Amino acid sequence: MTTTLKKDTSIETLRGLAIILVVIGHVIGSDSDGGMKVEDDSFLRHFYFTFQYLRMPLFTVISGWVYALRPANSGNLIGFNLKKIRRLFLPLIFVGGAYYILQAIIPGTNFSYELTDIWRILIFPYTFYWYLQALFIVFLVMSMIDSFKLANSVKSWLVLLLFSIAALYVRNSFIPETLSNYFGFKGGLYLMPFFVLGVGIQRFKNIFQNKVFNWLCAILLIAGLVFQQLVWYGIFDYELKASSGIALLIGLIGVIVCLRIHFTFKWLVWIGSYAYTIYLFHSFGTSGTRILLHKIGIYHTVPVFLFSLLVGILLPVIVEEICDRFSLSRLLFLGRSFKNPKSTPLKLKTTSN
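Numbered according to numbering that gives the first Met the number 0, the sequence shown spans residues 0 to 352.
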């Protein structure tokens with residue numbers, strides 16, 4: 000007997016918001032050499048800076064929240080992780096590999112690599128696909144913890160959360176930058192506290208429904224965001240790093256506040272239903288649109304930004320609808336189970352409250 004869990008539309012709304020912020024970040028670029036190559040003092044660079052400590056944490060805490068609905072256990076540990084290998088590594092190979100090849104052969108890309116080095120994407124982080132390797136590490140560790148029921152009480156979960164933060168501190172303080180980031184383990188250490196937090200928010204709801212606790216989180220978040228802006232404007236001399244200090248606090252507190260604000264927008268729920276595919280394929284749309292617009296002489300920031308963002312979101316939706324209809328493409332490019340092709344006409348997903 001199987002049960003179907005009804006989706007929480009507020010979580011799906013946040014998932015849609017999170018993936019839009021991720022795509023916006025990649026359209027803009029992490030620095031003046033990436034994406035649209037915007038100036039460091041531009042509005043878009045400021046926008047990127049403002050949300051950079053919330054984008055991936057929000058995406059990850061939602062993953063932890065969803066995982067906690069159907070966690071791994073001692074009986075399904077192997078099967079659970081085999082499914083994660085399918086879900087994460089097949090797209091890494093085939094979608095990431097396709098993107099790698101296009102970057103190498105198409106003129107106008109910001110970065111390119113030797114085709115003979117394509118094998119490296121399986122062993123080392125490659126552009127934004129680092130998240131797939133890092134998330135698998137997180138799933139592997141968390142599934143083993145749950146198989147031994149080591150995070151089933153508030154006390155043990157808090158110990159795990161503190162331990163994951165401590166491990167991140169060790170990574171920042173004692174692991175040299177020169178050490179190769181095999182299988183994205185450094186990213187895994189960064190994501191782990193947020194994933195564990197997401198598990199706890201789902202598993203121990205009473206803690207996070209406390210009004211005093213929520214108000215305290217909101218005050219701390221506002222204080223952190225104000226401090227972040229003061230750093231941007233040069234009022235405070237402080238080095239913000241996503242994995243430590245004030246930036247880590249903004250990420251941890253910020254996702255708690257986000258998950259406590261229950262709001263639903265149907266269009267964000269709809270986008271959220273395609274979030275993973277958008278993550279996998281968005282850069283084909285954002286980079287391709289930017290290059291095409293430049294080829295026809297359009298360099299103005301506003302149209303390049305808006306069209307790149309629009310195509311970066313909608314192209315993956317079309318890709319999913321097509322790939323999901325065929326067994327092989329469904330498996331290789333979406334990481335979903337191999338099954339018979341759909342016989343029904345192409346129809347985009349619909350959502351309801």
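For each residue, glycine too, the CB sits at the ideal point set by N, CA and C.
Since the structure is predicted, the reported quantities are computational estimates derived from the model, not experimental observations.
Suppose you measure from the CA of Leu267 to the CA of Gly15; what does that come to, to the nearest Å? Counting from one through the sequence shown, the residue named residue 267 turns up at place 268. Counting from one through the sequence shown, the residue named residue 15 turns up at place 16. Taking the straight line from one Cα to the other gives about 5 Å.
Exposed or buried, His281, counting other C-beta atoms within 10 Å across all chains shown (16 or more means buried)? As a position in the sequence shown, residue 281 is number 282, starting the count at 1. Note on His281: 16 or more other CB atoms within 10 angstroms of its CB, so buried under the neighbour-count rule.
What's the call for Tyr47, buried or exposed, on a 16-neighbour Cβ count within 10 Å? Start at 1 with the first residue of the sequence shown, and residue 47 comes out as number 48. A buried status is given to Tyr47, since no fewer than 16 other beta-carbon atoms sit within 10 Å of its beta-carbon.
Which of the three DSSP states is assigned to Ser155 in this structure? Position 156 of the sequence shown holds residue 155. Here Ser155 sits in helix by DSSP.
With a threshold of 7 Å between beta carbons, is Phe184 in contact with chain C? No chain C is present in this structure, which holds just one protein chain.
I think Tyr128 touches Leu91, with their Cβ atoms under 8 Å apart; what is that distance to the nearest whole Å? In the sequence shown, residue 128 corresponds to position 129, counting from 1. In the sequence shown, residue 91 corresponds to position 92, counting from 1. The pair is a contact, with the Cβ atoms about 6 Å apart (cut-off 8 Å).
The region 143–159 touching the region 196–204, judged by at least three CB pairs closer than 8 Å: Touching, yes, given that three or more Cβ pairs across the two stretches are closer than 8 Å.
Spatially closest choice to Phe138 from Pro175, Asn171, Val198 and Arg119, by CA coordinates: Numbered from its first residue, the sequence shown carries residue 138 at position 139. The shortest Cα separation from Phe138 among Pro175, Asn171, Val198 and Arg119 belongs to Val198.
Whole angstroms is fine: what's the gap from Ser351's alpha carbon to Arg259's? On the sequence shown, residue 351 is found 352 positions in, with the first residue counted as 1. On the sequence shown, residue 259 is found 260 positions in, with the first residue counted as 1. Any reading at Ser351 must be qualified, since the residue scores a pLDDT of 44, below 50, and its modelled position is unreliable; no value is offered.
Quick one: using the 10 Å Cβ neighbour count with 16 as the cut-off for buried, is Tyr391 buried or exposed? Residue 391 lies beyond the residue range present for the chain, which begins at 0 and ends at 352; the question has no answer from this structure.
Leaving out five residues before and five after Val318 in sequence, what residues of the same chain have Cβ atoms less than 7 Å from its Cβ? Taking the sequence shown and counting its residues from 1, the one referred to as residue 318 is at position 319. Hits under 7 Å: Thr276 and Phe280.
Beta-carbon separation of Gly223 and Ile255 under 7 Å? Position 224 of the sequence shown, counting from 1, holds the residue named residue 223. Position 256 of the sequence shown, counting from 1, holds the residue named residue 255. Cβ atoms of Gly223 and Ile255: not closer than 7 Å.
Report back the beta-carbon spacing between Val230 and Leu239 to the nearest angstrom; my notes put them in contact at under 8 Å. Along the sequence shown, one-based indexing puts residue 230 at 231. Along the sequence shown, one-based indexing puts residue 239 at 240. Confirmed, Cβ separation roughly 6 Å.
Near Ser142, which residues of its chain fall below 7 Å by C-beta distance, leaving aside the five closest residues on each side in sequence? Translated into the one-based positions of the sequence shown, residue 142 becomes position 143. Correct list, in chain order: Ala71, Leu76, Phe79 and Asn80.
Among all the DSSP beta bridges, which residues are the ones paired with Lys148? In the sequence shown, counting from the first residue as 1, residue 148 sits at position 149. Partner residues in a beta bridge of Lys148, as assigned by DSSP, do not exist.
Give a yes or no on whether the C-beta atoms belonging to Ser242 and Asn171 are separated by under 7 Å. Here residue 242 refers to the residue found at position 243 when the sequence shown is read from its first residue. Here residue 171 refers to the residue found at position 172 when the sequence shown is read from its first residue. Contact flag set, yes.
Would you tell me roughly how many angstroms separate the C-alpha atoms of Ile290 and Phe212, rounded to the nearest one? Numbered from its first residue, the sequence shown carries residue 290 at position 291. Numbered from its first residue, the sequence shown carries residue 212 at position 213. Taking the straight line joining both Cα atoms gives about 48 Å.
Quick check: the Cα distance between Cys322 and Leu248, rounded to an integer number of angstroms? For the purposes of this step, residue 322 is taken as the residue at position 323 of the sequence shown. For the purposes of this step, residue 248 is taken as the residue at position 249 of the sequence shown. One Cα belongs to Cys322, the other to Leu248, and the distance between them is close to 39 Å.
Suppose the cutoff is 7 Å on Cβ atoms and the five residues either side in sequence are ignored; what does the same chain contact list for Thr263 look like? To locate residue 263, count along the sequence shown from 1; it is residue 264. Cβ neighbours of Thr263 beyond the five flanking positions: Thr8, Ser9, Thr12 and Asn352.
Mind checking whether Phe332 and Phe93 have CB atoms under 7 Å apart? In the sequence shown, counting from the first residue as 1, residue 332 sits at position 333. In the sequence shown, counting from the first residue as 1, residue 93 sits at position 94. Yes, these two residues count as a Cβ contact at 7 Å.
Rounded C-alpha distance that separates Tyr99 from Ile117: Within the sequence shown, the letter at position 100 stands for residue 99. Within the sequence shown, the letter at position 118 stands for residue 117. Rounded to the nearest angstrom, the two C-alpha atoms are 7 Å apart.
Spatial neighbours of Ser342 in its chain, beta-carbon cut-off 7 Å, leaving aside the 5 residues before and after: Counting from 1 along the sequence shown, the entry for residue 342 is found at position 343. Low per-residue confidence applies at Ser342: pLDDT is 48, beneath 50, and the placement is therefore not dependable, though the value from the model is reported in the following sentence. Leaving aside the five residues that flank Ser342 on each side, none in its chain has a CB nearer than 7 Å to its CB.
Inspect the CB distances between the region 33–43 and the region 303–310 and report whether three or more fall short of 8 Å. Because the criterion of three Cβ pairs below 8 Å is met, the region 33–43 and the region 303–310 touch.
Runs of 4 residues minimum, wholly inside the region 159–241: which ones carry the alpha helix (DSSP H) assignment? Counting only runs of at least 4 residues, the region 159–241 fully encloses the following alpha helix (DSSP H) elements, listed from N- to C-terminal order: 184–202, 204–207 and 210–231.
Mapping the DSSP letters down to three states, classify Ser243 as helix, strand or coil. Along the sequence shown, read from residue 1 onward, the residue named residue 243 stands at position 244. Ser243: strand per DSSP, three-state reduction.
Once you ignore the five residues that flank Gln102 on each side, which residues in its own chain have a CB closer than 6 Å to its CB? By 1-based counting over the sequence shown, the position of residue 102 is 103. So the qualifying residues of the chain are Thr108 and Ser111.
Can you find the residues in the same chain that come closer than 6 Å, C-beta to C-beta, to Tyr298, ignoring five residues on each side of it along the sequence? Counted from its first residue, the sequence shown places residue 298 at position 299. So the list is empty, once near-sequence residues are dropped.
Note down, in chain order, each residue of its chain lying with its Cβ closer than 7 Å to the Cβ of Gly334, except the 5 sequence neighbours on either side. Counting from 1 along the sequence shown, the entry for residue 334 is found at position 335. Leaving aside the five residues that flank Gly334 on each side, the residues in its chain whose CB is nearer than 7 Å to its CB run, in chain order, Arg85, Arg86, Leu87, Leu89 and Pro90.
If you check the beta carbons only, do Val26 and Ser307 fall under 7 Å apart? By 1-based counting over the sequence shown, the position of residue 26 is 27. By 1-based counting over the sequence shown, the position of residue 307 is 308. Contact flag set, yes.
If we ignore side chains and look at the alpha-carbon of each, how far apart do Ile252 and Ser29 end up? Walking along the sequence shown from the start, residue 252 turns up at place 253. Walking along the sequence shown from the start, residue 29 turns up at place 30. Straight across, the Cα-Cα distance linking Ile252 with Ser29 is about 23 Å.
Coil, strand or helix - Arg324 by DSSP: Within the sequence shown, numbered from 1, the residue matching residue 324 stands at position 325. Three-state DSSP puts Arg324 in coil, outside helix and strand.
How about Ile136 and Gly95: are their beta carbons less than 7 Å apart? Position 137 of the sequence shown, counted from the start, is the residue given in the question as residue 136. Position 96 of the sequence shown, counted from the start, is the residue given in the question as residue 95. Taking 7 Å as the cut-off, the Cβ atoms of Ile136 and Gly95 do not count as close.
Say the cut is 6 Å; is the CB of Glu176 nearer than that to a heavy atom of the ligand GDP? The model on display carries no ligand, and the ligand GDP is accordingly not part of it.
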